[in-house]
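Going by full-length UniProt numbering, the first residue of the sequence shown is number 1, and it counts up by one from there. Worksheet: the structure to be examined is printed underneath.
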Amino acid sequence: MDPQSHSHSQSHSPPPAADDDPDAMPREQQQREEAPPGYVPPMSPEEVAAVEALLCYEFKDKSLVGLALTHGSFYLPYRSGDATYERLEYLGDAVLTCLVSREVFLTYRDLPPGPLTRLRAANVDKEKLARIAVDHGIHRFLRHKAPKLEEQIADFVKELCQYEYHSNGLLDAPKVLSDIVESLIGAIYLDSKYNQELVWQVFRKLANPLISLESLGKHPVSELLEFGQKTGRIVDISKDGWVKDTKVDVFVDGVLVASATYAQKKEIASNRAAKAALDKLKEMSGQSDVLSAPGEAPEPLDELGRAGALELQ
């Protein structure tokens, strides 16, 4: 399946009720007319089988597949009630946290809790799980009626190829994509009678490669503040202009070094501004990783001025 295809805004219609009766009402229409308001049809057997193939897991209770992929908007204009993925998402989130905690704990036996926590977080956070949904085409089976979700998913898919493992806060991953991965994990856990080893086998294949200590990147804001501490420079990430023009500015020693704009979330704009500032400072210092060693006198930034600042959209 093409992972860059968009998610379903509505489910496929089942075939007509009977070939020998050309006037027969289509089964889905018949179900809707007979059903109470707010009824939605189940996923077709073909779609259920396709999802099972992606997961390499065959469900005993096939209804769990549709439930795990149903967003609340799929019931519009009616209220969704409890028949959405939210409870399964809750279960899957807890199971993944436990299993990934165990994995990093056993893999890195001498690592202290701080790095272990960062490793776990990177492997179960919104972006990592959203990547799984797109990489395996799971997002194509999302059942919803929210046009904005289509746009958000399409934007995420376009930008995803820029980062091999993780953007470390530069991408705005749609929460719905991580939600459905967690809900499917919760569904497998429930369907398998709480078999954690089986759940781990499924997730391990989906998440391959897991983010390792070697591929774990630094968050740009943390890295920039760390740079300020090491070099004795004053770093100021100014978010004052975000409400007005969705822009975040980064000043180092009072000099504007970089700016970034992102209308949807202030946090993403801050991360992108920090990354742009780091890139600019590294370029100025001619170093790729360490900008100035501790104790070294920082180079003056006065000559940079506003004309030399980076601005990202």
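Just so it is clear, CB atoms sit at the ideal spot from N, CA and C, and this is done for glycine as well.
Exercise. At a Cβ threshold of 8 Å, is ASP240 touching chain C?
Worked result: Structure shown: chain C not included; a single protein chain is present.
Problem set entry | CB of PRO174 within 8 Å of CB of LEU206, strictly | For the purposes of this step, residue 174 is identified with residue 174 of the sequence shown, where counting begins at 1. For the purposes of this step, residue 206 is identified with residue 206 of the sequence shown, where counting begins at 1. Cβ distance not < 8 Å, so PRO174 and LEU206 don't count as in contact.
For this session: May I ask you to list the residues that DSSP assigns as paired with ASP236?
Result: By 1-based counting over the sequence shown, the position of residue 236 is 236. Note: ASP236 sits in a beta bridge opposite PHE251.
Exercise. Which same chain residues, not among the five before or five after LEU170, have their C-beta less than 8 Å away from its C-beta?
Worked result: Along the sequence shown, read from residue 1 onward, the residue named residue 170 stands at position 170. TYR163, PRO220, ILE268, ASN271, ARG272, LYS275.
Problem set entry | Any alpha helix (DSSP H) of 4 or more consecutive residues that is wholly inside the UniProt domain "RNase III" (48-193) | Complete alpha helix (DSSP H) runs here, min 4: 63-68, 86-107, 113-124, 126-135, 147-160, 175-191.
Problem set entry | Boundaries (first-last residue) of the alpha helix (DSSP H) holding LEU224 | In the sequence shown, counting from the first residue as 1, residue 224 sits at position 224. Unbroken alpha helix (DSSP H) run through LEU224: 220-231.
For this session: Thinking LEU278 and GLU223 are a contact (beta carbons under 8 Å), I'd like their distance in whole angstroms, please.
Result: For the purposes of this step, residue 278 is taken as the residue at position 278 of the sequence shown. For the purposes of this step, residue 223 is taken as the residue at position 223 of the sequence shown. With a Cβ gap of about 6 Å, LEU278 and GLU223 count as contacting.
For this session: Taking all protein chains shown into account, decide if GLU127 is buried (16 or more other Cβ within 10 angstroms of its Cβ) or exposed.
Result: To locate residue 127, count along the sequence shown from 1; it is residue 127. Buried, because 16 or more other Cβ atoms sit within 10 Å of the Cβ of GLU127.
Exercise. Between which two residues does the alpha helix (DSSP H) harbouring ASN271 extend?
Worked result: As a first step, residue 271 is located in the sequence shown; it is residue number 271 there, counting from the start. For ASN271, the enclosing alpha helix (DSSP H) stretches over residues 266-285.
For this session: Consult DSSP for LEU206 and reduce its assignment to one of helix, strand or coil.
Result: Start at 1 with the first residue of the sequence shown, and residue 206 comes out as number 206. Assigned with DSSP and collapsed to three states, LEU206 falls in helix.
Exercise. Distance, Cα to Cα, GLY186 vs ALA83?
Worked result: Looking up residue 186 in the sequence shown gives position 186. Looking up residue 83 in the sequence shown gives position 83. Our two residues, GLY186 and ALA83, have alpha carbons roughly 15 Å apart in a direct line.
For this session: In angstroms with no decimal places, state the Cα-to-Cα distance between THR261 and SER238.
Result: Looking up residue 261 in the sequence shown gives position 261. Looking up residue 238 in the sequence shown gives position 238. Approximately 12 Å between the Cα atoms of the pair.
Exercise. Apart from the five residues on each side of it in sequence, which residues of its chain come closer than 7 Å, Cβ to Cβ, to ASN123?
Worked result: Residue numbering aside, residue 123 sits at position 123 when the sequence shown is read from its first letter. Once the five neighbours on either side are set aside, the close Cβ partners of ASN123 are VAL100, ALA207, LEU210, ILE211.
For this session: Quick one: residues in its chain with C-beta nearer than 7 Å to the C-beta of VAL104, no 5 flanking neighbours on either side, listed in chain order?
Result: Against the sequence shown, residue 104 aligns to sequence position 104. Around VAL104: LEU116, LEU119, ARG120.
Exercise. On the three-state DSSP scale, how would you describe VAL40?
Worked result: Locating residue 40 in the sequence shown gives position 40, where the first residue counts as 1. Note: VAL40 maps to coil in three-state DSSP.
For this session: Count the other CB atoms, across all protein chains shown, that sit within 10 Å of the CB of ALA130; report buried if there are 16 or more and exposed otherwise.
Result: By 1-based counting over the sequence shown, the position of residue 130 is 130. Result: buried.
Exercise. Between the region 227-247 and the region 131-151, do three or more beta carbon pairs fall short of 8 Å?
Worked result: No, the region 227-247 is not in contact with the region 131-151.
Problem set entry | Backbone CA spacing between ASN195 and LYS265 [nearest angstrom] | What you label residue 195 is simply residue 195 of the sequence shown in a count that begins at 1. What you label residue 265 is simply residue 265 of the sequence shown in a count that begins at 1. Their Cα atoms are separated by approximately 38 Å.
Exercise. Can you tell me the Cα-Cα spacing of LEU67 and LEU213, whole angstroms?
Worked result: Your numbering for residue 67 matches position 67 in the sequence shown. Your numbering for residue 213 matches position 213 in the sequence shown. Spanning the two alpha carbons is a distance of roughly 35 Å.
Exercise. Does DSSP put GLU46 in a helix, a strand or coil?
Worked result: The count along the sequence shown starts at 1 and reaches residue 46 at position 46. GLU46 falls in the helix class under three-state DSSP.
Exercise. Three-state secondary structure (DSSP) at GLU214?
Worked result: For this step, residue 214 is matched to residue 214 along the sequence shown. In the displayed model, GLU214 falls within coil according to three-state DSSP, outside both helix and strand.
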